[in-house]
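Asks: Residue numbers (the numbering used here): 1 to 376. Heads up, the beta-carbon is just placed ideally off N, CA and C, and yes, glycines get one too.
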Amino acid sequence: MRLRPPVGESDFKAASHSAGVTARIGLWLGVCFAVCFVTGLLSHAIQHPPSWFWWPSRPAQLYRVTQGLHVVTGIAAIPLLIAKVWTVYPKLFGWPPVRSPAHALERLSIFVLSASAFFQLATGLFNVAQNYPWNFYFPGLHYAVAWVAVGSIVVHVAVKLPVVRSALGEKPADDGPSGGGLSRRGFLRATGLATGVAVVATAGATVPLLRKVSALSWQSGPAPQKLPVNKTAAGAGVQLSAQDPRWRLTVTTGHGTRTFTRDQLKRLPQTDAELPIACVEGWSQQARWRGVALPDLLHAVGARPGDEVHVQSLQKKGAYTLTTLPGEHTADPSTLLALELNGQTLSLDHGYPCRIIAPNRPGVLQTKWVDSLEVR
Ligand SMILES: Nc1nc2c(c(=O)[nH]1)N[C@H]1C(S)=C(S)[C@@H](COP(=O)(O)O)O[C@H]1N2
Ligand SMILES: [Mo]
Numbered sequence: 001m002r003l004r005p006p007v008g009e010s011d012f013k014a015a016s017h018s019a020g021v022t023a024r025i026g027l028w029l030g031v032c033f034a035v036c037f038v039t040g041l042l043s044h045a046i047q048h049p050p051s052w053f054w055w056p057s058r059p060a061q062l063y064r065v066t067q068g069l070h071v072v073t074g075i076a077a078i079p080l081l082i083a084k085v086w087t088v089y090p091k092l093f094g095w096p097p098v099r100s101p102a103h104a105l106e107r108l109s110i111f112v113l114s115a116s117a118f119f120q121l122a123t124g125l126f127n128v129a130q131n132y133p134w135n136f137y138f139p140g141l142h143y144a145v146a147w148v149a150v151g152s153i154v155v156h157v158a159v160k161l162p163v164v165r166s167a168l169g170e171k172p173a174d175d176g177p178s179g180g181g182l183s184r185r186g187f188l189r190a191t192g193l194a195t196g197v198a199v200v201a202t203a204g205a206t207v208p209l210l211r212k213v214s215a216l217s218w219q220s221g222p223a224p225q226k227l228p229v230n231k232t233a234a235g236a237g238v239q240l241s242a243q244d245p246r247w248r249l250t251v252t253t254g255h256g257t258r259t260f261t262r263d264q265l266k267r268l269p270q271t272d273a274e275l276p277i278a279c280v281e282g283w284s285q286q287a288r289w290r291g292v293a294l295p296d297l298l299h300a301v302g303a304r305p306g307d308e309v310h311v312q313s314l315q316k317k318g319a320y321t322l323t324t325l326p327g328e329h330t331a332d333p334s335t336l337l338a339l340e341l342n343g344q345t346l347s348l349d350h351g352y353p354c355r356i357i358a359p360n361r362p363g364v365l366q367t368k369w370v371d372s373l374e375v376r
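1) Out of L336, G327, V150 and W369, state which residue places its alpha-carbon closest to the alpha-carbon of W54.
2) In chain order, what residues of the same chain have a beta carbon less than 6 Å from the beta carbon of T22, not counting five sequence neighbours either side?
3) Could you give the distance in angstroms between the alpha-carbon of L125 and the alpha-carbon of T202?
4) Please go through the same chain and pick out, in chain order, the residues whose beta-carbon is closer than 7 Å to the beta-carbon of L62, but skip the five residues on each side of it.
5) Hey, which residues come within less than 6 Å of ligand 2, measuring from Cβ to any heavy atom, in chain order?
6) Does at least one heavy atom of ligand 1 sit under 7 Å from the Cβ of W369?
7) May I ask which residues mark the beginning and end of the alpha helix (DSSP H) holding Q243?
8) Run through DSSP, which three-state label would F37 get?
9) So, are the CB atoms of G204 and V213 less than 8 Å apart?
10) Note down the Cα distance separating V71 from L337, rounded to an integer number of angstroms.
11) Answer yes or no: do Q239 and L348 have a C-beta to C-beta separation smaller than 8 Å?
12) In this structure, does DSSP put E106 in helix, strand or coil?
13) Is the CB of H156 under 8 Å away from at least one CB in chain C?
14) Report yes if the C-beta of G254 is less than 7 Å from at least one heavy atom of ligand 1; otherwise report no.
15) Closest to A273 by C-alpha separation, out of T261, Q286 and V207, would be which residue?
16) Leaving out the 5 sequence neighbours to the left and right, which residues in its chain are closer than 7 Å to V145 when beta-carbon positions are compared?
17) For G124, is the beta carbon positioned less than 7 Å from some heavy atom of ligand 1?
18) If you run the structure through DSSP and keep just helix, strand and coil, what is H156?
19) Decide if the region 145 to 165 is in contact with the region 16 to 34; the criterion is three or more beta carbon pairs, one per stretch, under 8 Å apart.
20) Taking the alpha helix (DSSP H) that H329 belongs to, which residues open and close that run?
21) Going by DSSP in three states, Q264 sits in which element: helix, strand or coil?
22) Is L249 a contact residue of ligand 1, with contact defined as CB to any heavy atom under 7 Å?
23) Tell me which residue opens and which closes the beta strand (DSSP E) that R290 is part of.
24) Return the first residue and the last residue of the alpha helix (DSSP H) that Q67 is part of.
25) From the DSSP output, read off the bridge partner residues of G256.
26) Could you pull the start and end residues of the beta strand (DSSP E) that R185 belongs to?
27) Classify P101 as buried or exposed, calling it buried when 16 or more other Cβ atoms lie within 10 Å of its own Cβ.
28) Should H350 be counted as a contact of ligand 1 given a C-beta to heavy atom distance under 7 Å?
29) Is it buried or exposed for Q67, if we count other Cβ within 10 angstroms and need 16 for buried?
30) Check whether the Cβ of L227 sits closer than 7 Å to any heavy atom of ligand 1, and report yes or no.
31) According to DSSP, simplified to helix, strand and coil, what is V112?
32) Give the secondary structure of Q315 by DSSP, where H, G and I count as helix, E and B as strand, and everything else as coil.
33) Report the partner residues of A273 according to the DSSP bridge assignment.
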């Protein structure tokens, strides 16, 4: 006698479970994951550059676009992944659960795929919504699991290619198998609509045209000087040191150390630049900055534009207190040690007494409350 479960795969007759629907949603999901993966790798490489990596300082808005795509495709993937799981969950009731070693492997790879994909989307979403609840391990883990997710997607697509081919060949006719509910086309439309709503509701954080319609365009709270703040002076523990009248900028080069008061920095040639803060969390916003261009500052201390510069913040603890400005950026006249923002003295939360603002860089590298520069 053979045991059979009370519900089997063939009991799910809704059109949304057809192979054509699964394949189409899978295709959209694959495109989103591919764009999300490539833009994520890029962002990771900019923040942790391997020796072969080179990233230009122009176009100034490029990182803003690639990171915007990263977050938008990640958000679009959430409704798509839910829809994908919906279309295939009857397979969980397939009998027998394991038909062969190959089948067991396939099921295992799908489990790894689903788990890693959900993990990536969930951690990414929390990050966007809450500004680093896990400050330290998040980026490393998100990066590592991305490889697991993409690896298992590649295996999954390779295994399913014959099925996908034939399923995409048929038209999603409105007369799906009987079983009630939405037609195939209706289910695809509903999925597309949910995806569009998710994107429009959040993309305003980075797409200026959508700012007014995006209900959920998360950013880090109040916006002094018309720019959101990520990490306040109080949060960074620099309220006292940043306002200390004894503050001096220390610049170290191969042949000695120079210090500058804020007034002395103001007396150096001043440069204006329109540059965005493009946060890795996906929000971005353009602002007007004024301060000392890095090439001018380097000339003033007898160093060469194009030399690498280490930037140390007054902030003592945290992941972004020491950053490196590569030569491409120290040679770019738009890279500033900024003293003013949108026509006013830089506010304490935006990095007073001075901060780095450079073109085509992630927000995490735009170091605030600069204490010292070391020319390498
Ligand atoms: N010292 C220091 N600089 C920092 C940070 C920080 O936590 N500490 N956060 C960075 C991040 S993640 C972003 S997005 C930008 C935000 O700049 P804003 O607060 O002026 O908009 O500052 C960057 N500079
Ligand atoms: Mo950020």
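Replies: According to the structure shown:
1) Measuring from the Cα of W54, the nearest candidate turns out to be G327.
2) T87 and V88, listed in sequence order.
3) In a straight line, the C-alpha of L125 is about 11 Å away from that of T202.
4) Here the set comprises N360.
5) In chain order, the qualifying residues are N230, C279, V280, E281, G363 and V364.
6) In this structure, W369 has its CB closer than 7 Å to one or more heavy atoms of ligand 1.
7) Start and end: Q239 to Q243.
8) Helix at F37.
9) Their beta carbons are under 8 Å apart, which means G204 touches V213 by this criterion.
10) Whole-angstrom Cα-Cα distance: 29 Å.
11) Taking 8 Å as the Cβ cut-off, Q239 and L348 qualify as a contacting pair.
12) DSSP places E106 in helix when its eight states are reduced to three.
13) Judged by its chain identifiers, the structure shown contains no chain C, having just a single protein chain.
14) False, no ligand heavy atom lies under 7 Å from that Cβ.
15) Comparing Cα-Cα distances from A273 to each of T261, Q286 and V207, the minimum goes to Q286.
16) Hits under 7 Å: S116, F119 and Q120.
17) Incorrect: G124 has no Cβ contact closer than 7 Å to ligand 1.
18) Correct three-state label for H156: helix.
19) Cβ pair count under 8 Å is three or more, so yes.
20) Residue range G327 to T330 is occupied by the alpha helix (DSSP H) that includes H329.
21) DSSP places Q264 in helix when its eight states are reduced to three.
22) With a cut-off of 7 Å, the C-beta of L249 is classified as distant from ligand 1, since no heavy atom of the ligand falls inside that distance.
23) R290: member of the beta strand (DSSP E) spanning S284 to A293, first to last residue.
24) Here the alpha helix (DSSP H) through Q67 covers L62 to V88.
25) Per DSSP, T253.
26) Per DSSP, R185 lies in no beta strand (DSSP E); the unbroken alpha helix (DSSP H) holding it starts and ends at R184 to A203.
27) By the neighbour-count rule (16 or more Cβ atoms within 10 Å), P101 is not buried but exposed.
28) Indeed, a heavy atom of ligand 1 lies less than 7 Å from the Cβ.
29) A residue is called buried once 16 or more other Cβ atoms fall within 10 Å of its Cβ, and Q67 is buried on that count.
30) Yes - ligand 1 has a heavy atom lying nearer than 7 Å to the Cβ of L227.
31) Of the three classes helix, strand and coil, the one that applies to V112 here is helix, per DSSP.
32) Residue state, collapsed to three classes: coil.
33) Under DSSP, A273 forms a beta bridge with W289.
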